[in-house]
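*Asks:* Under the numbering used here, think of the first position of the sequence shown as 4, with each following residue one higher.
Have a look at this one before I ask anything.
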Amino acid sequence: MWHRNGFSLLEILIALVFIACAFLPIYNAFSVGSQGTASNINENIATNYASDMINFLKDLSYDQIDKCDSSSDLEFKNDEETQAFFNKMNLKSPPTCDEPFVRSVKIHKFDRRSLIEWFTDLWAKRTLVTSYLATVTVTFPKTTGKGNDDVTLFSLILD
């Protein structure tokens, strides 16, 4: 009669393979979750940078922007160009973004109407509200290291 008191080496190795295969998806879930957390942190930081710029732009009046530059659209590709715009108006510029975040600003002027829109407004007794549409985009690298991600906020600058 043969009595077995333990497991053979082969049984232990097979059990270890099954345990390793069971923990592999759990490990992947943790690594993907940590990348998602880092991505969320970057999105929050980018949203704060964009919101700061929107708040600075909302403090401007339509006339201030119009006096500074008479062209229909303004575009600033980085914080240095934005600071130059604010300095041109003798205003305090917003704080700059830290690396690796890059903030760009586009300001689109709405002041032209087609003939049909003019007649429609006249018929409805509406007046044109002159305004600018401000678009602030903050770009940052993805946590996976492949490409960039961005956050974009919009606001109207009214008369």
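A virtual CB, placed ideally from N, CA and C, is assigned to each residue, including glycine.
In this text, all values refer to a predicted model and were calculated from it rather than measured experimentally.
1. What is the DSSP secondary structure of Leu-136, counted as helix, strand or coil?
2. Let me make sure I understand the geometry here. Which of Cys-71, Thr-146, Leu-63 and Ala-49 has the alpha-carbon closest to that of Leu-156?
3. Under a Cβ-count criterion, where at least 16 other Cβ atoms within 10 Å of its own Cβ denotes burial, should Pro-28 be classed as buried or exposed?
4. Going by other Cβ atoms of all chains shown within 10 Å of its Cβ, with 16 needed for buried, is Asp-101 buried or exposed?
5. Could you spell out the range, first to last residue, of the beta strand (DSSP E) harbouring Glu-78?
6. Kindly identify the DSSP beta-bridge partner or partners of Ile-160.
7. With C-beta atoms as the reference, is Thr-138 less than 7 Å away from Lys-109?
8. Would the beta-carbon of Thr-140 be found less than 6 Å away from any heavy atom of the ligand FMN?
9. Would you report the Cα separation of Ile-119 and Glu-84, rounded to the nearest angstrom?
10. Go ahead and pull the three-state DSSP assignment for Phe-61.
*Replies:* The short version:
1. Position 133 of the sequence shown, counting from 1, holds the residue named residue 136. If DSSP states are grouped into helix, strand and coil, Leu-136 belongs with the strands.
2. If you number the sequence shown from 1, residue 156 lands on position 153. Answer by Cα proximity: Ala-49.
3. Position 25 of the sequence shown, counted from the first residue, corresponds to residue 28. The residue is exposed, with fewer than 16 neighbouring Cβ atoms inside 10 Å.
4. As a first step, residue 101 must be located in the sequence shown, where it is residue number 98. Exposed, since its Cβ has fewer than 16 Cβ neighbours within 10 Å.
5. On the sequence shown, residue 78 is found 75 positions in, with the first residue counted as 1. For Glu-78, the enclosing beta strand (DSSP E) begins and ends at 76 to 79.
6. As a working mapping, residue 160 is identified with position 157 in the sequence shown. Bridge partners of Ile-160: Tyr-135.
7. Along the sequence shown, read from residue 1 onward, the residue named residue 138 stands at position 135. Along the sequence shown, read from residue 1 onward, the residue named residue 109 stands at position 106. Yes. Within cutoff.
8. In terms of ligand content, the structure shown is empty, and the ligand FMN therefore cannot be addressed.
9. Within the sequence shown, residue 119 is the residue found at index 116, counting from 1. Within the sequence shown, residue 84 is the residue found at index 81, counting from 1. The alpha-carbon separation between Ile-119 and Glu-84 amounts to approximately 37 Å.
10. Position 58 of the sequence shown, counted from the first residue, corresponds to residue 61. Before going further, note that residue 61 is Lys rather than Phe in the sequence given. Of the three classes helix, strand and coil, the one that applies to Lys-61 here is helix, per DSSP.
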